[in-house]
Every structure is written in C-alpha cells, then in structure tokens.
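**Student:**
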Amino acid sequence: MNSERKQIIVDEIKHWKINKLLPETYCDFLLALYTGGKQEEQVKKKKRSALLMPYIILLLLPASLFVYFTEMNPPMQMSLLTGFVICVIPALKMSRGQRMFFYYMGVLFLLLLLLSLTGIGIAHLPKGPSSAIAIIIHSFIWITFAVRFKTRSFFIAGLAGILLSIGSFLF
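378 is the number of the first residue of the sequence shown in the working numbering; add one for each residue after it.
#1: Going by alpha carbons, who is nearest to P404 out of I385, S380, I539, I390?
#2: Rounded to the nearest angstrom, what separates S530 and R382 at their Cα positions?
#3: Beta-carbon separation of V465 and Q454 under 7 Å?
#4: Within the same chain, show all residues whose beta-carbon is closer than 6 Å to that of I512, passing over the 5 residues directly before and after it, in chain order.
#5: Is there a Cβ of chain B sitting closer than 7 Å to that of T412, yes or no?
#6: So, S441 versus L458, is the Cβ gap smaller than 7 Å?
#7: Could you compute how far the alpha carbon of S493 sits from the alpha carbon of K504?
#8: Tell me the DSSP secondary structure of K470 in three-state form.
#9: Secondary structure at M455, three-state DSSP: helix, strand or coil?
#10: Alpha helix (DSSP H) containing E389: first to last residue?
#11: Report the three-state DSSP secondary structure of P439 (helix, strand or coil).
#12: Would you kindly check if the distance between the Cβ of L490 and the Cβ of H515 is under 7 Å?
#13: Quick one: using the 10 Å Cβ neighbour count with 16 as the cut-off for buried, is F526 buried or exposed?
#14: Between I499 and S380, what straight-line distance do the alpha-carbon atoms span, to the nearest angstrom?
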C-alpha cells in the first residue's frame with residue numbers, strides 16, 4: 378500500500394479516536410498496525426499536554442478571584458483578568474466538541490463577569506444598580522448558551538443570577 382493511502386487511513390483512525398467513534402484500544406491497535414508502532418510516542422506527548430491544560434485553567438479561577446478581591450490598581454486588575462481571558466480562549470477552541478468545552482466556557486463566563494464588574498468600578502458608576510444590571514446581562518448570556526447547547530448547569534446559574542439580582546433591587 379502506498380504511503381499516501383496509509384496516511385489517509387491513519388488520519389481517519391485518529392479522527393475516530395478523537396471523536397470516540399471506535400474504542401480507544403481498537404484505534405491504538407489500528408494506528409500501530411498502519412504506522413508500524415511509530416505513532417504511539419506522538420500520541421503520548423499530546424496526551425500529557427492535553428492533561429495539563431485543565432489544571433492550568435483550573436488555577437485561573439482562584440488567581441482571578443485573588444486579583445479581583447485584592448486592593449490592586451483597577452487598571453492592573455483589568456489587564457490581568459484580560460490576560461486570563463486570553464489564556465482560556467485557545468483552550469476553548471481546542472476543546473470544541475469535547476466534554477471539557479463546557480468547563481472552559483464556565484471559566485470564561487466567570488472571568489468575563491469579573492472583568493465587567495471591575496470595569497464598572499473603573500467607570501465610577503453606582504456600584505449597586507450597575508453591578509446588578511451587569512449580572513443580569515451575563516445571566517441572560519448564560520441562559521442563551523444553556524438553551525443553545527442544552528446544558529442545565531448554565532441555565533440554573535443564569536436563572537439564579539437573574540433572581541438574585543432582581544432580589545437585590547427589591548430588598
């Protein structure tokens with residue numbers, strides 16, 4: 378079999394493995410068969426970096442809360458939070474179609490919420506009503522995302538945000 382046809386088959390098997398169309402052991406066997414065992418090392422290297430990414434993103438949440446709640450210069454807070462958002466976006470693009478996509482989206486939504494609340498502080502708007510309106514807007518975005526991707530957790534979080542913000546106006 379010529380090398381071009383083998384490469385097409387190997388690419389198709391990788392696609393099956395990534396999208397879980399075949400069990401991983403079958404895909405590993407087929408990849409070893411068609412590549413002569415040379416493909417295994419590359420897959421392991423990719424797995425290590427793929428396993429490290431969620432932990433790095435997980436560390437962004439406490440770091441962003443630390444940045445938000447410390448007495449730091451507000452433009453510095455905005456720049457750090459913007460940097461965190463920029464770090465999440467590539468992970469979000471790489472995880473499209475995988476189960477980690479929703480985790481990264483949640484982290485991104487929370488970072489954007491902290492970023493907008495920090496922006497309200499910089500703009501010298503009245504904190505109470507402006508923060509409540511920002512939370513309501515973000516909650517509607519979360520609900521829209523939940524309806525589009527059929528996730529209950531984002532829907533519940535968005536609904537809770539709306540109810541709590543409206544409750545803060547009433548009480």
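C-beta atoms are modelled at their ideal positions from N, C-alpha and C, and glycine is treated no differently.
**Tutor:** According to the structure data:
#1: Numbered from 1 along the sequence shown, position 27 holds the residue referred to as residue 404. According to the sequence as given, residue 404 is Cys; it is not Pro. Across the set I385, S380, I539, I390, the C-alpha of I390 shows the shortest separation from the C-alpha of C404.
#2: In the sequence shown, the residue the question calls residue 530 occupies position 153. In the sequence shown, the residue the question calls residue 382 occupies position 5. Rounded to whole angstroms, the separation of the alpha carbons of R382 and S530 is 44 Å.
#3: For the purposes of this step, residue 465 is taken as the residue at position 88 of the sequence shown. For the purposes of this step, residue 454 is taken as the residue at position 77 of the sequence shown. Against a cut-off of 7 Å, the Cβ pair of Q454 and V465 comes out as no contact.
#4: Along the sequence shown, read from residue 1 onward, the residue named residue 512 stands at position 135. G538, S542, listed in sequence order.
#5: In summary, chain B is missing from the structure at hand, where a single protein chain is found.
#6: One-based indexing of the sequence shown puts residue 441 at position 64. One-based indexing of the sequence shown puts residue 458 at position 81. Taking 7 Å as the cut-off, the Cβ atoms of S441 and L458 count as close.
#7: The residue given as residue 493 occupies position 116 in the sequence shown. The residue given as residue 504 occupies position 127 in the sequence shown. When rounded, the distance between both Cα atoms is 12 Å.
#8: Position 93 of the sequence shown, counting from 1, holds the residue named residue 470. Correct three-state label for K470: helix.
#9: Stepping through the sequence shown from its first residue, residue 455 is reached at position 78. Three-state DSSP puts M455 in a helix.
#10: Along the sequence shown, one-based indexing puts residue 389 at 12. Counting along the chain, the unbroken alpha helix (DSSP H) around E389 starts and ends at 380 to 395.
#11: If you number the sequence shown from 1, residue 439 lands on position 62. Helix at P439.
#12: Against the sequence shown, residue 515 aligns to sequence position 138. Against the sequence shown, residue 490 aligns to sequence position 113. In this structure, H515 sits near L490, with a CB-CB distance shorter than 7 Å.
#13: Here residue 526 refers to the residue found at position 149 of the sequence shown. Under this definition F526 is an exposed residue.
#14: Looking up residue 499 in the sequence shown gives position 122. Looking up residue 380 in the sequence shown gives position 3. So the alpha carbons of these two residues sit roughly 60 Å apart.
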